[in-house]
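For the sequence shown, numbering that gives the first Met the number 0 assigns the number 0 to the initial residue and increments by one for each residue that follows. Each remark here refers to the structure printed beneath this line.
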Amino acid sequence: MEGVANFRVYYNGEVITNTHEGVTFVCDCPLSFAISCTMSFVELQNGLCNNIQSHILKRVSHLLYRSPVQAFGGLIQFQIIPITDDASMQQMFYIYQQTRSQVPMIELYVEFEQQSGMSTVGEEVNIDELTLKSMTKTMTETWQAIRRCKMKRMPL
0 MEGVANFRVY YNGEVITNTH EGVTFVCDCP LSFAISCTMS FVELQNGLCN NIQSHILKRV
60 SHLLYRSPVQ AFGGLIQFQI IPITDDASMQ QMFYIYQQTR SQVPMIELYV EFEQQSGMST
120 VGEEVNIDEL TLKSMTKTMT ETWQAIRRCK MKRMPL
């Protein structure tokens, strides 16, 4: 799938079910991004980790899509679709292409998990040599993925 998709990403908030719209995401400071519709699941995860609270080393534990569904009388309601792999990413982009005139932005809720042995910047952590090599490799791969996906922030 080609093109660019507009995203609004919610984190450190909550998922509210059973509203008049179905599901709603809430957080203090949602972020907006534009990304390529050819981006992979791993590239999206890496981009989110590096663009949201980048001072904390973490990984994405859950990624939820607020998917529009046409309800009775033409009203739009929302349901949750977990994004777990490239196939669910492509399903999300397909739904976005079909509904972008009514819902111009993809809404995601992301939950992070701080990686074991990781800490916020400025705190001391004892890390053995093997773990350090693994972290260095992972960070290098992450930066390469970010350069490839060219994720850019958009103002709200």
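Even for Gly, the Cβ is constructed at its ideal location relative to N, Cα and C. None of these values were measured; they are calculated from a predicted model.
Measuring CA to CA, which of the options is closest to residue i?
| i | options | result |
| --- | --- | --- |
| A4 | E110, Q97, T18 | Q97 |
| M88 | G73, E106, G72 | E106 |
| A31 | Y93, H19, Q90, G46 | With the sequence shown as reference, residue 31 is identified as Ser, and Ala is not the correct amino acid for it. Here the closest residue by C-alpha is G46. |
| I51 | G2, Y10, S100, I94 | Y10 |
| Q78 | Y108, R65, A86, S39 | R65 |
| R99 | P67, S60, L63, T83 | P67 |
| V102 | T83, V14, I94 | I94 |
| F111 | Q69, I55, P81 | I55 |
Under three-state DSSP, which class holds residue i?
| i | result |
| --- | --- |
| G21 | strand |
| A86 | helix |
| T98 | helix |
| E42 | helix |
For residue i and residue j, what's the separation of their Cα atoms in angstroms?
| i | j | result |
| --- | --- | --- |
| Q21 | C48 | Correcting the residue type first, residue 21 is Gly in the shown sequence and not Gln. Straight-line Cα distance between these residues: approximately 28 Å. |
| Q114 | C26 | 22 Å |
| H19 | I75 | 10 Å |
| P29 | M104 | 13 Å |
| G12 | F24 | 8 Å |
| G2 | S39 | 14 Å |
| R85 | G72 | Residue 85 is actually Asp in this sequence, not Arg. So the alpha carbons of these two residues sit roughly 33 Å apart. |
| K57 | F6 | 21 Å |
| L63 | S53 | 20 Å |
| C36 | F92 | 6 Å |
| N17 | V109 | 19 Å |
| I34 | Q69 | 25 Å |
Sort out for me which residues DSSP pairs residue i with in a bridge.
| i | result |
| --- | --- |
| Y157 | Outside the shown range of the chain, which is 0 to 155, sits residue 157, and nothing can be said about it. |
| L47 | Looking at the DSSP assignment, L47 forms no beta bridge with any residue, so it has no partner. |
| Q69 | I75 |
| L56 | BP columns for L56 are empty, so no partner. |
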